[in-house]
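*Asks:*
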Amino acid sequence: LTAAPVLSSYERLLRNRFTKQTLEALYQSKKCGQCAGYSPSIRKDGYTKFFVKNMPRSWKNANAKIGLSTFDESSASEVALRQANAKAAASALEAEAEAKAAAMGD
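Everything in the sequence shown is counted per this note's numbering, starting at 113 for the first residue and increasing by one.
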């Protein structure tokens, strides 16, 4: 592990200004200028952590009406469940193929 670089007071000031300007730009508009879809809010935690908040149901519905999909924690859990089911199905097929190969080899 390498130690994190030590920032000078000027570098910290620049980092804080950049973070503040970026967050202000994100908070100015709730809708995208190109697709007119709603964007989820962002929450800052500490100096380097940023979290995407869940969108209100009305925003999700509005995005769905214009054909935009939203990815949030609930859809992330659905994706993880689908991936787990796909892995289980693949291992079951693999085991079935191995059993057939063993039966044919006897």
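Glycine included, C-beta positions come from ideal geometry on N, C-alpha and C.
Keep in mind it's a predicted model, so treat the numbers as computed, not measured.
(1) Using beta-carbon positions only, say whether Y150 and N175 come within less than 8 angstroms of one another.
(2) Suppose the cutoff is 7 angstroms on Cβ atoms and the five residues either side in sequence are ignored; what does the same chain contact list for D157 look like?
(3) Among all the DSSP beta bridges, which residues are the ones paired with K156?
(4) With 16 other CB atoms within 10 Å as the buried threshold, where does M216 fall?
(5) Flag this pair as yes or no: are the beta carbons of S153 and K165 separated by less than 8 angstroms?
(6) Going straight from the alpha carbon of E136 to that of A192, what length do you get?
*Replies:* Reading from the atomic positions:
(1) Along the sequence shown, one-based indexing puts residue 150 at 38. Along the sequence shown, one-based indexing puts residue 175 at 63. Against a cut-off of 8 angstroms, the Cβ pair of N175 and Y150 comes out as a contact.
(2) Here residue 157 corresponds to residue number 45 of the sequence shown, with the count starting at 1. Sequence-distant partners of D157 (beyond 5 residues in either direction) whose C-beta falls short of 7 angstroms from its own C-beta, in its chain, are F163.
(3) Stepping through the sequence shown from its first residue, residue 156 is reached at position 44. Per DSSP, F162.
(4) Start at 1 with the first residue of the sequence shown, and residue 216 comes out as number 104. Exposed.
(5) By 1-based counting over the sequence shown, the position of residue 153 is 41. By 1-based counting over the sequence shown, the position of residue 165 is 53. Yes.
(6) Mapped onto the sequence shown, residue 136 falls at position 24. Mapped onto the sequence shown, residue 192 falls at position 80. Between E136 and A192, the alpha-carbon positions lie close to 33 angstroms from each other.
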